[in-house]
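Student: Heads up, the final residue of the sequence shown is numbered 683 in our numbering, and it's a clean run with no missing numbers. Even glycine gets a Cβ: it sits at the ideal position worked out from N, Cα and C. The structure displayed is predicted, hence computed values, not measured ones. Please find one structure pasted underneath; my questions will follow.
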Amino acid sequence: MSVAGEAKALMPPDITARKRKQLIVCLTAYTTPIARLVDRHCDVVLVGDSVGMVLHGLPSTLGVTLDMMIMHGKAVRRGLERALMVVDMPFGSYEEGREQAFRNAARLMAETGYAAVKLEGGEAMAETIRFLTGRGIPVMAHVGLTPQSVNVFGGYKVQGRGEDGDGILRDAVAVAEAGAFALVLEKVAEPLARRITAEVTIPTIGIGASAACDGQILVVDDILGMFTGFRPKFVKRYAELGLAADAAIAAYAADVREGRFPAAEHLYADLSKAGEVA
Ligand code: KIV
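Here it is as structure tokens:
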């Protein structure tokens, strides 16, 4: 039984039905132990392509491959009982056309046993979203700042300030009409995110967007404070695990260097020798 009191595994229509009724809690996860932790508290767990930057040390999400997403998708799947798992389609795996998108999404689904994909893009991706949803693949859309297009944007800039707001609204309406079951709004100016949430029929999931969104998502490593350096404005830290880990590793290193570790309780006696204790 989950914290939210729901025992059954959530499916995309359950998430869509939450619009204007119940806020949707989402986090990323990339490994089984973290999936087990977030499953009790979250409605949606995203195996985001942010895994490339967070776990693999890549400079952007552009180097993430389908095989990486399959490997992390399988790991997260093993840790989930209740939350809906969504897996990101990585850069280059869906933009060529709807058949390419279907082929790769179907492979992800078959190999990881998950329930939905997320892909980036608005009007330009509407036809692909319609094609996938019409063939049994639920799609979460993602508009505003779409990190796979970082080179087109010229950086990770706030979107939807001033005139480009109309384009993002059109993107949101297009993906909703194409059949997406929910929509991530990333780093979108607050008034625009509020307006999109009011106008589209599917739930909006904000990240640096608006408290008016139908749900929120953050990268789990960000809320746990795993990194001491870069912290985007939209992140709230709920722990400082990076600092705690640093202190623990420093203490271990000092123990080894100064001969305090291992101590007798960490070692194995030879039980064949009479009188020795295990
Ligand atoms: O890859 C990711 O983690 C994401 C979320 C931050 C929305 O796309």
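Measuring straight from C-alpha to C-alpha, what distance separates A409 and K678?
Tutor: Here A409 scores only 49 on pLDDT, less than 50, and its place in the model should not be relied on; the value that follows carries that caveat. Computed Cα separation, rounded: 55 angstroms.
Student: Give the list of continuous alpha helix (DSSP H) stretches no shorter than 4 residues that lie fully inside the region 585-610.
Tutor: Here the runs fully enclosed are 595-604.
Student: So what does DSSP say about D493, is it helix, strand or coil?
Tutor: It is a strand residue.
Student: Could you give the uninterrupted runs of the alpha helix (DSSP H) lying entirely in the region 519-591, keeping only those of 4 residues or more?
Tutor: Entirely contained in the region 519-591, the alpha helix (DSSP H) runs reaching 4 residues are, in chain order, 531-538, 555-558 and 569-582.
Student: For A480, tell me which candidate among H446, L467 and T436 has the shortest Cα-Cα distance.
Tutor: Among H446, L467 and T436, the Cα nearest to that of A480 belongs to T436.
Student: Please report the straight-line C-alpha distance between P608 and D660, rounded to a whole angstrom.
Tutor: C-alpha separation (whole angstroms): 52 angstroms.
Student: Express the C-alpha separation of D444 and P596 in angstroms, rounding to a whole number.
Tutor: Whole-angstrom Cα-Cα distance: 31 angstroms.
Student: Which value, in whole angstroms, describes the spacing of the CA atoms of R482 and Y519?
Tutor: Approximately 7 angstroms between the Cα atoms of the pair.
Student: Rounded to whole angstroms, what is the Cα-Cα separation between A510 and F632?
Tutor: Roughly 31 angstroms separates the two Cα atoms.
Student: Throw me the rounded Cβ distance for the F496 and T466 pair, which I believe falls under 8 angstroms.
Tutor: About 6 angstroms; that satisfies the 8 angstroms criterion.
Student: Tell me whether the region 535-544 and the region 555-575 touch, counting them as touching only if at least three CB pairs, one residue from each stretch, are closer than 8 angstroms.
Tutor: Verdict: no, contact absent.
Student: Is it buried or exposed for V450, if we count other Cβ within 10 angstroms and need 16 for buried?
Tutor: Buried, because 16 or more other Cβ atoms sit within 10 Å of the Cβ of V450.
Student: Using the beta-carbon count (16 or more within 10 Å), is L415 buried or exposed?
Tutor: By the neighbour-count rule (16 or more Cβ atoms within 10 Å), L415 is buried.
Student: Select from V563, R599, N556 and H461 the residue whose C-alpha is nearest the C-alpha of A577.
Tutor: Nearest option by C-alpha distance: R599.
Student: Hey, out of R540, V544 and I573, whose CA is closest to T551's CA?
Tutor: Ranking the options by Cα distance to T551, first place goes to I573.
Student: Just list the alpha helix (DSSP H) runs in the region 607-632, keeping only unbroken ones of 4 residues or longer that don't cross its boundaries, in chain order.
Tutor: With a minimum length of 4 residues, the continuous alpha helix (DSSP H) runs that stay inside the region 607-632 are 625-628.
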